[in-house]
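Note that the protein sequences, when read in sequence, are chains U and S.
Taking my numbering, the leading residue of the first sequence gets 42, the next gets one more, and so forth.
Taking my numbering, the leading residue of the second sequence gets 42, the next gets one more, and so forth.
Using N, Cα and C, we set each Cβ at its ideal position, and we do this for glycine too.
Since the structure comes first, as structure tokens, the remarks are kept for the end.
Protein chains: 2
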Amino acid sequence: MATKATVKLADVAREAGVSKGTASNVFSRPEVVRDEVREHVLATAKAMGYGGPSVQGRLLRAGKVNAIGVAAVEPMAYFFEDPWARALMAEISAVCDASGTGMALVSAKNQQKLVWNIQSALVDGFILLCVEGGEKLVELTRERHLPFVALALGVDDKSIPTIGIDNIEGASMAARHLAELGHRRFAVLGTEFSEGGAGLLTDGQVRGATFSTSRDRAIGYWRTLAEFGVAPESVPVYETQDVASIRTAVAAIFAAPEPPTAILAMSDRVALVAMEWLAEQGLRVPEDVSIVGFDGVKEAELSEPPLTTIVQPLAEIARQAVQAILQDAVPAQRRSIPLTIAVRASTGKPKA
Amino acid sequence: MATKATVKLADVAREAGVSKGTASNVFSRPEVVRDEVREHVLATAKAMGYGGPSVQGRLLRAGKVNAIGVAAVEPMAYFFEDPWARALMAEISAVCDASGTGMALVSAKNQQKLVWNIQSALVDGFILLCVEGGEKLVELTRERHLPFVALALGVDDKSIPTIGIDNIEGASMAARHLAELGHRRFAVLGTEFSEGGAGLLTDGQVRGATFSTSRDRAIGYWRTLAEFGVAPESVPVYETQDVASIRTAVAAIFAAPEPPTAILAMSDRVALVAMEWLAEQGLRVPEDVSIVGFDGVKEAELSEPPLTTIVQPLAEIARQAVQAILQDAVPAQRRSIPLTIAVRASTGKPKA
DNA sequence: ATGATCTCTTGGATCGGTTCAAATCTACGC
DNA sequence: GCGTAGATTTGAACCGATCCAAGAGATCAT
């Protein structure tokens with residue numbers, strides 16, 4: 042059903058009695074060929090079942106693929122299932138759409154396959170979603186000698202072109218919001234600090250975290266709360282992983298003799314799971330507990346109650362990332378984009 | 042930062058003092074070259090900043106891209122935002138993942154760009170999401186002379202390789218479920234029947250629909266209801282488009298002197314919007330009205346109440362589509378995959 | 001007629017690899 | 001010292017187009 046004996050441009054040219062060059066022009070620069078000739082070549086091509094210039098051939102010559110790859114160390118379905126990834130992909134694709142650039146999904150949970158996929162992806166550059174295994178991903182991508190930009194990179198490395206957010210600043214905003222409402226007893230529901238960890242963390246574990254994203258957010262919370270007279274030692278930080286670990290953590294937090302009146306969650310996902318647990322326990326948000334998320338995913342707007350959260354400027358991140366790659370002008374180092382806070386119904390004054 | 046003077050294989054070969062052929066073998070068939078030579082060439086390559094064999098060059102020779110394209114006549118963000126598309130994409134990507142195949146997103150709302158994108162996509166074949174503009178899409182894809190499979194194609198055309206579902210059968214299941222619960226007064230909340238239409242349809246308009254998907258579902262509903270003694274004329278069919286048109290339609294349905302006790306919705310999306318309207322009006326589901334959706338998207342499980350719906354076997358559709366393309370064995374004609382019904386809380390016995 | 005312009009066409013070089021038949025090298029047996 | 005099988009290398013052909021300098025024709029003014 043597909044290409045059969047693969048008719049090529051040269052065949053069409055011969056059959057039509059013109060040179061290869063002319064035949065090529067008929068397809069890629071029709072205006073320079075005389076109408077009569079063009080029609081004839083086109084007709085011959087159609088008759089022979091020629092499927093237009095092979096992309097491969099053209100490609101070899103042009104060098105540009107006109108597509109960018111988006112890579113992650115995750116199964117490919119991640120792009121369509123994870124809320125953050127999805128939101129980001131939607132923004133990236135909107136930018137690509139506008140500039141007529143194609144997108145290729147490059148991904149694999151399996152290291153070996155990932156190597157191969159990155160090596161052989163037909164793209165002009167990469168956008169790396171570094172939520173997990175970021176360093177490895179960057180290293181692999183480097184070898185392709187193509188422009189790339191890392192997003193959500195969890196490690197500090199000045200030599201990696203990154204577009205991101207200022208996590209300390211974002212966390213600060215969340216903490217300030219709650220502190221200004223009058224809260225003084227807090228707990229932090231964190232994301233991953235180190236490979237596979239979970240549970241209550243010590244100050245040292247927080248500062249020595251593998252993933253700087255989590256570390257910076259914790260530091261941002263602590264620092265700002267301190268300004269309001271809340272001692273960091275009084276603000277426990279729980280590391281979480283899957284849903285079960287999140288529930289365990291919230292349970293631990295509220296098992297305390299004097300539970301917090303406000304929760305600082307390092308991601309909307311964590312916050313939403315926590316809200317579910319709270320609802321099950323009959324604790325009202327925000328009357329009994331206020332909670333602030335982080336990321337600004339769509340789901341946060343639709344939850345009951347809607348979640349106050351720090352929203353990431355995904356559209357702007359996407360725009361800058363795609364532009365950087367298309368123009369082969371990747372930032373020399375990390376570039377930060379300002380965050381905003383969306384105040385919704387999950388936060389309020391603490392109980393008197 | 043990217044490739045500079047672009048070192049090529051020939052350069053490395055010259056520098057290392059071996060032939061181009063040997064250099065090529067070092068990278069693509071390392072086992073045939075002597076260790077000593079291999080090491081030396083590899084070292085030279087690294088020193089010169091050679092980024093491995095260019096994919097383009099290899100490609101030209103090999104002919105296989107090892108990627109399939111998924112195309113739709115929609116803005117690219119559609120793949121990440123539309124519930125049905127997302128669910129399907131997740132399944133497709135799972136299959137691709139398993140076989141190490143890459144995925145490229147090919148899409149554009151703009152006809153001209155779409156043509157170009159399809160023409161130049163670097164893929165071995167296409168999966169077409171034909172929810173809208175299906176015929177045009179098929180036509181364009183044909184020209185590439187690559188294997189392709191159409192999904193959710195809304196038109197009857199035996200010459201198009203399609204993998205789909207039996208819409209009549211699915212609609213039948215929905216209708217039977219409600220009829221067996223005892224319902225006798227129905228209304229159909231339909232999807233698009235013809236380009237841009239909306240509102241109450243006549244029998245003739247239903248049967249003469251442009252989109253066979255909607256037509257078949259309507260026919261399935263009517264046919265089965267008739268078996269239960271419900272005359273087709275008593276079951277109004279409303280065509281809908283955007284959210285506003287859906288709300289208008291439900292409003293019209295419930296403005297009737299004897300409103301139906303059950304709604305047959307042709308898609309989960311339509312059903313969910315309708316449920317929202319019903320909730321606003323204080324009508325309880327299923328106590329006052331039962332409703333059955335179609336598609337089986339994730340959101341249908343999470344709605345309040347969870348929606349009874351006809352679920353499409355997306356995983357199986359995805360598997361067959363990807364396999365067909367990878368093996369260049371596209372079905373000669375339409376192939377149907379059986380549907381199942383997920384009975385949830387949105388349906389119950391009618392009020393006595 | 002002759003030369004100057006213009007408009008098309010042509011053919012060969014090139015993109016960056018892979019492939020494979022033939023050439024070269026080694027080691028080993030007699 | 002000679003022949004031979006086996007292991008490596010080589011070099012030219014090829015994949016399917018695009019690009020461009022140069023050639024061929026047609027048109028028009030002198």
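Starting from the beta carbon of residue i, find every residue of chain S whose beta carbon is closer than 7 Å, and list them in chain order.
i                        : result
lysine 154 of chain U    : Gly141
aspartate 198 of chain U : None at all; the shortest Cβ gap to chain S is about 15 Å.
Thinking C-beta only, is residue j closer than 8 Å to residue i?
i                            : j                            : result
alanine 128 of chain U       : valine 164 of chain U        : no
histidine 218 of chain U     : valine 338 of chain U        : no
serine 344 of chain U        : leucine 313 of chain U       : yes
glycine 240 of chain U       : glutamate 176 of chain U     : no
serine 192 of chain U        : alanine 356 of chain U       : Note on identity: in this sequence residue 192 of chain U is leucine, with serine being the wrong assignment. No, the Cβ-Cβ distance between leucine 192 of chain U and alanine 356 of chain U is not below 8 Å.
valine 276 of chain S        : leucine 266 of chain S       : yes
threonine 142 of chain U     : leucine 367 of chain U       : yes
phenylalanine 227 of chain S : proline 273 of chain S       : no
phenylalanine 234 of chain U : arginine 258 of chain U      : no
isoleucine 260 of chain S    : isoleucine 209 of chain S    : yes
leucine 230 of chain S       : alanine 296 of chain S       : no
alanine 126 of chain U       : phenylalanine 120 of chain U : yes
lysine 133 of chain S        : alanine 359 of chain S       : For the record, residue 133 of chain S in the displayed sequence is isoleucine; it is not lysine. Result yes, Cβ atoms of isoleucine 133 of chain S and alanine 359 of chain S sit closer than 8 Å.
glutamine 353 of chain S     : aspartate 336 of chain S     : yes
Where residue i and residue j are concerned, what is the direct C-alpha to C-alpha distance, given to the nearest angstrom?
i                            : j                         : result
glutamate 56 of chain S      : threonine 85 of chain S   : 7 Å
glycine 104 of chain S       : glutamine 97 of chain U   : 8 Å
proline 188 of chain S       : histidine 81 of chain U   : 28 Å
isoleucine 206 of chain S    : glutamate 321 of chain S  : 34 Å
phenylalanine 167 of chain S : arginine 264 of chain U   : 53 Å
serine 106 of chain U        : cysteine 137 of chain U   : Per the sequence shown, residue 106 of chain U should be read as valine rather than serine. One C-alpha to the other measures close to 13 Å.
alanine 43 of chain S        : leucine 242 of chain S    : Because the pLDDT of alanine 43 of chain S is 37, which lies under 50, any placement of that residue in the model is unreliable, and the question is left without a value.
aspartate 52 of chain U      : leucine 83 of chain U     : 13 Å
histidine 224 of chain U     : alanine 303 of chain U    : 7 Å
aspartate 329 of chain S     : glutamate 299 of chain S  : 13 Å
alanine 139 of chain U       : leucine 170 of chain S    : 21 Å
alanine 135 of chain S       : tryptophan 157 of chain U : 17 Å
valine 196 of chain U        : serine 253 of chain U     : 5 Å
threonine 63 of chain U      : isoleucine 378 of chain U : 50 Å
alanine 88 of chain S        : arginine 185 of chain U   : 15 Å
glutamate 236 of chain U     : glutamine 282 of chain U  : 10 Å
valine 424 of chain S        : glutamine 160 of chain U  : With chain S covering only 42 through 393, there is no way to say anything about residue 424 of chain S.
alanine 118 of chain U       : aspartate 198 of chain S  : 32 Å
glutamine 153 of chain U     : leucine 178 of chain U    : 12 Å
Along chain U, in chain order, which residues have C-beta atoms closer than 8 Å to that of residue i?
i                       : result
arginine 185 of chain S : Gly92, Gly93
For residue i, which residues from the same chain have a beta carbon less than 6 Å from its beta carbon, with the 5 sequence-adjacent residues on both sides left out?
i                        : result
arginine 376 of chain U  : Ile204
serine 387 of chain S    : Val326, Pro327, Ile332, Pro346, Leu348, Thr349
alanine 162 of chain U   : Gly110, Ala145, Val147
glycine 334 of chain U   : Ala306, Asp309, Ala312, Ala341, Leu348, Thr350
proline 202 of chain U   : Val190, Val371, Pro372
glutamate 173 of chain S : Val114
leucine 222 of chain U   : Lys390
alanine 216 of chain S   : Tyr262, Thr265, Leu266
Below 9 Å on C-beta distance, what does residue i contact in chain S?
i                       : result
arginine 127 of chain U : Phe121, Glu122, Arg127
serine 134 of chain U   : Pro116, Met117, Ala118, Tyr119, Phe120, Phe121, Leu146, Ser148
aspartate 52 of chain U : Going along chain S, no residue has its Cβ under 9 Å from aspartate 52 of chain U, so there is no contact; the nearest lies around 14 Å.
Mind pulling the chain U residues with CB within less than 7 Å of residue i?
i                         : result
valine 147 of chain S     : Gly143
methionine 130 of chain S : Phe121
Just to confirm my understanding: we take residue i, look at its own chain, exclude 5 residues before and 5 after, and list those with CB closer than 7 Å. What are they?
i                           : result
methionine 19 of chain U    : Examination of residue 19 of chain U is not possible in this model, given that chain U is present from 42 through 393 alone.
phenylalanine 68 of chain U : Gly93, Pro94
lysine 61 of chain U        : Leu50, Ala51, Ala54
valine 284 of chain U       : Val314
valine 59 of chain U        : Val78, Val82
In chain S, which residues lie less than 8 Å from residue i when you measure between Cβ atoms?
i                       : result
arginine 336 of chain U : For clarity, residue 336 of chain U is aspartate in the given sequence; the question names arginine instead. Under the 8 Å cutoff, chain S gives no residues; its nearest Cβ is about 16 Å from aspartate 336 of chain U.
Among the residues of its own chain, which have a CB less than 8 Å from the CB of residue i, if the five just before and after it don't count?
i                        : result
aspartate 123 of chain S : Glu115
In chain U, which residues lie with their C-beta within 9 Å of the C-beta of residue i?
i                        : result
aspartate 244 of chain S : Within chain U, no residue comes near aspartate 244 of chain S; the closest Cβ sits about 38 Å away, beyond 9 Å.
aspartate 257 of chain S : Result: empty, since nearest Cβ-Cβ is about 26 Å, beyond 9 Å.
Worksheet entry | Contacting positions in the region 96-119 of chain U - beta carbon closer than 8 Å to chain S | Val96, Gln97, Gly98, Arg99, Leu100, Leu101, Gly104, Val106, Asn107, Ala108, Pro116, Met117, Ala118
Worksheet item: Which residues, taken in chain order from the region 158-185 of chain U, show a beta carbon closer than 7 Å to some beta carbon of chain S?
Response: Asn158, Gln160, Ser161, Ala162, Leu163, Glu184, Arg185
Practice prompt. Identify each residue in the region 303-319 of chain U for which the Cβ-Cβ distance to at least one residue of chain S is less than 9 Å, and report them in chain order.
Written response: none
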